[in-house]
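Visitor: Chains as they are written, first to last, in my numbering: chain A, 1 to 343; chain B, 1001 to 1343. Yeah, the Cβ is synthetic: ideal placement off N, Cα and C, and Gly gets one too. What you are looking at is a predicted structure, and each value in this text was computed from that prediction instead of being measured. Structure provided below as C-alpha cells; questions to follow.
There are 2 protein chains.
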Amino acid sequence: MTIKDIAKQCGVSVSTVSRAINGRPDVSDEVRQKILAVVEESRFIPNYTARELVRTRSDTIGVVVRGTSNLFFADIVRLVAHVIEGSGYRMILRQIGSGEDEVKSGAILEREKKLRGILFLGGRFDYTRREMEILNVPFVCCTYTNCFGDLREGDFGSVSIDDEAAAFQAVEYLISLGHRRIAALVAACNDRSISELRCQGYRAALAEHGIPFDPALVVETGSFGMAEAYRGTEELLRRETGCTAIFTLSDMMAIAAIKSLTDHGCRVPEDCSVIAIDGIPMSNYTIPTLTTLEQPGQEMGREGIRVLLDMVEGRGEAQHIRLKPTLRLGGSVRRASSGEPRS
Amino acid sequence: MTIKDIAKQCGVSVSTVSRAINGRPDVSDEVRQKILAVVEESRFIPNYTARELVRTRSDTIGVVVRGTSNLFFADIVRLVAHVIEGSGYRMILRQIGSGEDEVKSGAILEREKKLRGILFLGGRFDYTRREMEILNVPFVCCTYTNCFGDLREGDFGSVSIDDEAAAFQAVEYLISLGHRRIAALVAACNDRSISELRCQGYRAALAEHGIPFDPALVVETGSFGMAEAYRGTEELLRRETGCTAIFTLSDMMAIAAIKSLTDHGCRVPEDCSVIAIDGIPMSNYTIPTLTTLEQPGQEMGREGIRVLLDMVEGRGEAQHIRLKPTLRLGGSVRRASSGEPRS
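Structural data, given as C-alpha cells:
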C-alpha cells in the first residue's frame, strides 16, 4: 500500500495524507483521525529516508554501541532509549563489533539521520582532535573517557567511572583482608585503554601499601575473552607464585578464572580469592557469587544523556562526570590465610 | 569537508568526485586514485541517504535481531555479517528489544534502505499472512519458525532446530539415566512460542516412556529471566516433589536454577541433575559445567543467509531447514540415585 492508495481510500489528496502523518496543524481533527485509522489498518510505512532528506534538522539522537556481546551495555541501552524518548527525542541505535570504528560509524549515522548528538557506549580511549573533526554534532563518551588522546575537555562530554581508582579500590580491599601476594589478570598493561588504566590502579594500590610489584604476578591475556582468561589463570598457576588473591578486569574474566582455579583443585575463596570490576547480573549466579565493584550502569546512561542534551540544547559547557562504583560483596573473596570466609 | 571542497582540492568537477567514489568506470585510474587519497585523508563521509534515495535497488540485506541481551545471537551476527559481505552484499543490522515488533522494524528498514531481503534473528512464532503483507521482500526466520500462524510454506524461509524434538531429546536423555521424577522449568506452557513447543517435547518424552505427567513438576516462571528462574526453582523445592532432575528452557535459566539449588543445599548433580537447551559459551564456565543441547548457531546463521539469498536471487522455492542440536556433556547431569557422576 502506498501513500497514493491511502489518499484514494480516504478521498483526500496525497499532501493531506502527508500532513496528517507528520502531525502538521493544517488538517482538521476529523480528517486526521480518518487518515490515521486507514494508515494503522493498512500498516502503511512512511518513507523515512525521503522525509529525512528534506528535513534540515531532526530530533534524533544516535547511540553507537561498540561490542555486541557485552551484557553490561544491553541494560544501559534500554534505559537510554527510555530517557531519550522521555525528553522528546527519537533514538537511533547502531551496534558495531568491538573491533570496528565507532567514530566513523557515528559520522555516517550523523549524515544519514541528521543527528543532533551522539552517545558512544564503549569506544577507544585515545581520540585525537584531528580524527574527531569528522563529527559535526556534540558527542558524549559513556562508560569510558578520553585518557590518552589530545581532545580538549570542551570538545566532548564524558560519563564513566575512574578506572584507575576503581582498580585501586578493588586491590586495596584485598589488602585490607590481609592479602599480599595479589595477582592481576589483565588484557594488556599498555593498551592505551581500560586495561592499562586498571593495571595502573593495581600497581598504585600495591605501592600505597608498601607491597613490592612482582611482574610474575601479572598475566596479560591479550583480550577480555573468557577462554583467554581461563588459560591465563592456568599460566598463573603454573608460575607457582604463591598468590592468595586475583584481581581481574571484568566479571566475565573473573567467572572464567574461578572455573579455571576450581578445575585445577584450587578452591575459591578458601585457597584463592577473586575480585573483579563490572557487576553484571550474571555474576550474581556464579558459584561462589562474585565479589565485584559494580559500575552504576543505569546512572551512567542517565547522566550520559543529560550531559549530551545539555550540549545539544546549548546549556553551558561540556561536562565530565566521574561516578563511583560500589563494592558488591559476594562469596569469592575471603580474609587471607587463617581468616574467616566472608559469606 | 564537503564534496565541493574535495573537487576543488583535486581540480576536478563535483560529478567526477561522485563518479570516483561510486566506483563508476568513466574516471581514469590516475584521477580516481588522486580523489580517493583526498577522500581518505579528509575522512569525508558520503551522504548515503541521498545516494540510497536515488538508487532503485540496493545490494543491502537487513538483519533484525530481537533481544539485545541474548548472547547466543551475538555470535551468529558476527558470522552472518561475514557471509553477507562474502556474497557481495552489504549488511544493515537493527537490534530491537525482546518486547518490540520485529516485523514493523523490518518493514521500516526495508523502506529506508531499499532492502533486498531480511533475516530475522529471533521473533514470534505466530505470524499471520495478513500482517506479513507489510514486507515486500523475501524474509527468513532464523533460529525460530512459524509454528502457530497461518503463513504458507512458500511465503517465507526458515532455519531452526525442531524445538519440540530438542526438548524430547533432552528429557529422554535424563530418562535413559534412570530419572523418573523430572521437573520442567519453563516460561509458560501456552505462549504460542518456544516455551510451549519445548513443553510439548517434555510431555511427549514422558508419554513415550510411560511416565505419567504430574503438573506439580512443572513451574511456569513467566519469562526467560534469571531472577525468575531462580525463584521458580525455589518454588519447585517448596513443592517437595521428589524430583531428581530438572529440564530448563535455556542455559541462562539453567545457570540460575543451579545457583538456586546450591544456595538451598541441594547439590548439582548429586541431589538433582540439570539439563538445558542452547549451548552458549558461558555455560562452559559454570560450576558444574552445564550439560546442554547445543544449538548449531553458526550453521543456522550460514544456512539462513543461503536460504535468503536463494530467494532474493530467484533460485527455487522457499526452504525450511531443521537442524539438529548436539548433546554437550558437562557435569550437571548424572545417573539417578545410585549411579555414578558423569564427569
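1. What residue from B:E1235, B:D1271, B:M1282 has the CA that sits closest to B:D1251's CA?
2. Relative to the alpha-carbon of A:G117, which residue among A:G123, A:L135, A:I255 has its alpha-carbon at the smallest distance?
3. So the candidates are A:R94, A:D59, A:Y230, A:S42; which of them puts its Cα closest to the Cα of A:G67?
4. Taking the beta carbon of B:Q985 as the centre, do at least 16 other beta carbons fall within 10 Å, making it buried, or is it exposed?
5. Since A:A183 and A:L236 should fall inside the 8 Å C-beta cutoff, what is the C-beta to C-beta distance between them, to a whole number of angstroms?
6. List the residues of chain B that A:G97 touches, going by C-beta distances under 9 Å, in chain order.
7. Using a Cβ-Cβ cutoff of less than 6 Å, which residues in the same chain neighbour B:Q1200 once the five nearest sequence positions on both sides are dropped?
8. Spell out whether any CB of chain B is found under 9 Å from the CB atom of A:K324.
9. Excluding the five sequence neighbours on either side, which residues of its own chain have a C-beta within less than 6 Å of the C-beta of B:A1254, listed in chain order?
10. Measure how close the beta-carbons of B:A1229 and B:L1174 come, nearest whole angstrom, since I'm counting them as under 8 Å.
11. Report the residue from A:E172, A:R152, A:G88 whose alpha carbon sits nearest the alpha carbon of A:T292.
12. Could one say the Cβ of B:I1305 lies closer than 9 Å to chain A's Cβ atoms, at least one of them?
13. Using a Cβ-Cβ cut-off of 9 Å, state whether A:M282 counts as contacting chain B.
14. How would you write the range of the beta strand (DSSP E) that B:Q1095 sits in, first residue to last?
15. If we define contact as Cβ-Cβ less than 9 Å, is A:T289 a contact residue for chain B?
16. Just the Cα atoms here: how many angstroms apart are A:R78 and A:T143?
17. When you compare the stretch 1124-1141 of chain B with the stretch 122-129 of chain A, are there three or more beta-carbon pairs, one atom per stretch, that lie closer than 8 Å?
18. When Cβ atoms are compared, which residues of the stretch 89-116 of chain A fall closer than 7 Å to chain B?
19. So A:I255 contacts chain B; which residues on that side make the cut at Cβ distance below 7 Å?
20. Among the candidates B:I1321, B:H1320, B:A1336, B:E1313, whose CA atom is the shortest distance from the CA of B:D1059?
21. Listing by chain order, which chain B residues have their CB less than 8 Å from the CB of A:M300?
22. Could you check if A:G99 is buried or exposed, using at least 16 other CB atoms within 10 Å of its CB as the buried criterion?
23. Should the stretch 319-329 of chain A be called in touch with the stretch 290-310 of chain A, which here means at least 3 C-beta pairs below 8 Å?
24. Just how far apart, CA to CA, sit A:S18 and A:I3?
25. Answer with buried or exposed for A:S343, where buried requires no fewer than 16 other C-beta atoms within 10 angstroms of its C-beta.
26. Kindly list, in the order they appear in chain B, the residues whose Cβ is closer than 7 Å to that of A:T262.
27. Distance cutoff 9 Å, beta carbons only. Does A:Y230 sit that close to anything in chain B?
28. Out of A:N284, A:D263, A:G330, A:M300, point me to the one whose CA is closest to B:G1330's CA.
29. Taking only the alpha-carbon atoms, compute the straight-line gap between A:Q319 and A:R302 and give it to the nearest angstrom.
30. Mind pulling the chain A residues with CB within less than 9 Å of B:M1226?
31. Which complete beta strand (DSSP E) runs does the stretch 283-319 of chain A hold, if anything under 3 residues is left out?
32. When you compare the CB positions of A:G154 and A:C141, do they come within less than 9 Å of one another, or not?
33. Out of curiosity, what's the CA-to-CA distance linking A:A207 and A:F213?
34. Contact criterion: CB-CB distance below 9 Å. Does A:K259 meet it with respect to chain B?
35. How is the alpha helix (DSSP H) around A:V31 delimited, first residue to last?
36. From what residue to what residue does the beta strand (DSSP E) around A:A183 run?
Guide: Taking the definition as stated:
1. B:M1282
2. A:L135
3. A:R94
4. Residue 985 of chain B falls outside the range modelled here, since chain B spans only 1001 to 1343, and no answer is possible.
5. 6 Å
6. V1077, R1078, A1081
7. E1164
8. no
9. T1248, V1274, A1276, L1290
10. Actually they do not touch by this definition, with Cβ atoms about 18 Å apart.
11. A:E172
12. no
13. yes
14. 1090-1096
15. yes
16. 15 Å
17. no
18. L93, Q95, G97, A107, I108, R111, E112
19. Y1285
20. B:E1313
21. Here the premise fails: no neighbours, minimum Cβ distance about 17 Å.
22. exposed
23. yes
24. 8 Å
25. Interpretation of A:S343 is limited by its pLDDT of 40, a score under 50 that renders its predicted location unreliable; the figure taken from the coordinates is listed afterwards. Exposed, because fewer than 16 other Cβ atoms sit within 10 Å of the Cβ of A:S343.
26. I1287
27. yes
28. A:D263
29. 14 Å
30. P281, M282, N284, Y285
31. 291-294
32. no
33. 8 Å
34. yes
35. 29-42
36. 182-186
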